[in-house]
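Here the sequence shown stands for residues 3 to 59, where the numbers follow the working numbering.
A virtual CB, placed ideally from N, CA and C, is assigned to each residue, including glycine.
Report on the following structure.
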Amino acid sequence: MENKHWWEKIPDGGVYEDANSGIYFFKEDGKLKTSYEFHIGAGGDPEVFQAWSKAKS
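See the structure below:
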């Protein structure tokens with residue numbers, strides 16, 4: 003049986019909302035990526051992204 007990480011199951015171009023953080027990601031070249039513009043365009047809360055971004059730095 004193949005053991006994949008959860009993000010490997012999302013197809014390239016797929017959109018994923020992280021249930022814990024509320025951040026929207028997209029998958030490109032096998033990696034999850036995000037940006038403020040993408041998150042907002044996907045319907046995400048700007049304040050949530052800013053807080054998440056600040057916590058990551």
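Considering Cα atoms alone, identify which of the options is closest to residue i.
i, options, result
"residue 34", "19, 52, 50, 54", "19"
"residue 55", "31, 30, 26, 44", "26"
"residue 11", "40, 22, 31, 24", "31"
"residue 17", "28, 40, 39", "28"
First and last residue of the alpha helix (DSSP H) that includes residue i?
i, result
"residue 62", "Past the edges of the chain, shown from 3 to 59, lies residue 62, and the structure says nothing about it."
"residue 58", "48–58"
Do you know offhand how far residue i's Cα is from residue j's?
i, j, result
"residue 49", "residue 24", "11 Å"
"residue 57", "residue 46", "17 Å"
"residue 43", "residue 37", "10 Å"
"residue 3", "residue 53", "Reliability fails at residue 3, whose pLDDT of 48 lies under 50, so the model's placement of it is uncertain and the value that follows must be treated cautiously. The straight-line gap from Cα to Cα measures roughly 39 Å."
May I ask which residues mark the beginning and end of the beta strand (DSSP E) holding residue i?
i, result
"residue 19", "17–19"
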